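Q: Mapped onto this note's numbering, the consecutive letters of the sequence shown carry residue numbers 951 to 1218. One structure, pasted below without further comment.
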Amino acid sequence: MWRYLVTFNNVFNVIFTKIKKRDDLNLELTNVTYINNKRTILDGINLNFKGCCNGILGPNGSGKSTLLKIATGIINPTSGAVKVGSRDLNSITRDDLSKLITYIPQDRENISGFTVFEYVELGRYPYREIFGSTSQKSKVIIDECLHTVGLNDRSEDLVNHLSGGEMQILRIARALAQKTKIILFDEPTSNLDLRNSKKISDIISHLSELGALTLIASHDIRFINQVCDNVALIKSGKLFKVGTPNQVINNKNIIDAYDLSYDFKEVF
C-alpha cells in the first residue's frame, strides 16, 4: 500500500494541494426530477456534495446510477438544476467539464482493441496536444497511474485479457490520469474480490484525504459505511435520509429503505 500511495502523491500533489485551499468545490443538485417513459426515476432531489467522500446508497432501481449520470451531464434532468461550484453544469463546455468531473460507470465498454496503456491514455484526452498527440508529461502520468493501481506490468496487454476485477481497477487508473477534482464511481466494488475491493477503498479514501470530491453510488452497505464521510439514502427515486454514516446507516433506516422484514444490522 505504501508504494502506490507514494506514487499517488507524485501524480496528484499539485492539483490536490490547490483543492484544499478552495471553498467552492461542491456539486449541487437542486430539485432534480427525471422522468423516463412516464416513469419517475428521480423525484425532487436536493443534495449538495462537498469536497470529501460522499455515498449514495439504496436498493437496485432506486435511481442511484441515474443520479450520477445527471450529476456528470450524461443525461439532463427533466426539471431542476445541477451546479459545479457556482457554475451551472449546462454552461460548461464538454472539454472543460472533462477537466472537472470524471465518471466511472459500472458497465464494461467495448474496447477490446486497446492495450492497457492506451485505455488509460483516454483519460489524458482533455489535455491532448496539437494534432491530438500525447505529451511526454501525459505518458509519465499514465505510467504512474498504472503503478498506483498495480497494473504497470500489464501495460502492453490487451484489455480483453484482463479479469473483471482488473478491468475495474483499470477504470480507476484512467480516472486518476484524467486528474479531475470530482470523481464519480458507479458500483466500484461490484464483482470484486476482497483484495481489489480493499485497493479501491484505499484509493478513494486517499483521494478524499487530499481534498477531492468523490461520489459513490452503491448498494454495498458495508463499503459505503467504511469509506464515506456523508451518505444519502434513496428509496424509489426520493431522498430518504441524509447525514453521516452513523446517522443514516442503522437498522431502522435500512429496513425501511430496502423494505426488509428482518434485522439487518449484522451487515454494517
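Glycine included, each C-beta is placed from N, C-alpha and C at the ideal position. Quick caveat, the model's predicted, so the values are computed rather than measured.
Is R989 helix, strand or coil when you go by DSSP?
A: R989 falls in the strand class under three-state DSSP.
Q: Within this structure, are the beta carbons of T1139 and D1103 separated by less than 7 Å?
A: Not a contact, by the Cβ cut-off of 7 Å.
Q: Can the beta-carbon of L1210 be found closer than 7 Å to that of L1134?
A: Not in contact: L1210 and L1134 (Cβ atoms no closer than 7 Å).
Q: Between K1188, V1090, I1199, which has its C-alpha nearest N1180's C-alpha?
A: Of the listed residues, the one whose Cα sits closest to N1180 is I1199.
Q: In chain order, what are the residue ranges of uninterrupted alpha helix (DSSP H) at least 4 long that sit wholly in the stretch 1083-1120?
A: Counting only runs of 4 or more, we get 1086-1099.
Q: Counting Cβ pairs, one atom from each stretch, are 3 or more of them under 8 Å apart for the stretch 1018-1037 and the stretch 1056-1071?
A: With the cut-off at 8 Å, the stretch 1018-1037 and the stretch 1056-1071 do not touch.
Q: DSSP on D1136, reduced to helix/strand/coil?
A: Reduced to three states, the DSSP call for D1136 is strand.
Q: Decide if T1130 is buried, meaning its Cβ has at least 16 other Cβ atoms within 10 Å, or exposed.
A: Under this definition T1130 is a buried residue.
Q: So the candidates are V1066, Q1197, D1045; which of them puts its Cα closest to the Cα of Y1077?
A: Answer by Cα proximity: D1045.
Q: Shortest alpha-carbon distance to C978 belongs to which of K1185, V1109, K1087, G1023?
A: Correcting the residue identity first, residue 978 is Glu in this sequence and not Cys. When each option's Cα is compared against that of E978, the closest is G1023.
Q: Could you give the distance in angstroms between the alpha-carbon of C1095 and the alpha-carbon of S1085?
A: If I take the Cα positions, the gap works out to 15 Å.
Q: If you run the structure through DSSP and keep just helix, strand and coil, what is D1179?
A: Note: D1179 maps to coil in three-state DSSP.
Q: If we ignore side chains and look at the alpha-carbon of each, how far apart do A1123 and N981 end up?
A: When rounded, the distance between both Cα atoms is 33 Å.
Q: Since R1124 sits in a beta bridge, which residues does DSSP pair it with?
A: In the DSSP output, where bridge partners are listed per residue, R1124 has none listed.
Q: For G1008 versus K1014, is the C-beta spacing smaller than 7 Å?
A: Yes; because the gap between Cβ atoms is below 7 Å, this pair is in contact.
Q: What three-state label does DSSP hand A1167 in the structure shown?
A: The answer is strand: DSSP assigns A1167 an E or B state.
Q: Assuming I1054 contacts D1136 under a Cβ cut-off of 8 Å, what Cβ separation, rounded to an integer in Å, is found between them?
A: So it is a contact: roughly 6 Å between Cβ atoms.
Q: Please name the residue, chosen from L992, A1021, I1025, that lies closest to S1012 on a Cα-to-Cα basis.
A: Measuring from the Cα of S1012, the nearest candidate turns out to be L992.
Q: How far does the beta strand (DSSP E) with Y1053 in it extend, from its first residue to its last?
A: Y1053 -> beta strand (DSSP E) spans 1051-1054.
Q: Classify R1121: buried if its beta carbon has 16 or more other beta carbons within 10 angstroms, exposed otherwise.
A: R1121 should be labelled buried.
Q: With DSSP collapsed to three states, give me the class of G1073.
A: Helix, per DSSP.
Q: How would you call K1191, buried or exposed, if buried means at least 16 neighbouring beta carbons within 10 angstroms?
A: Result: buried.
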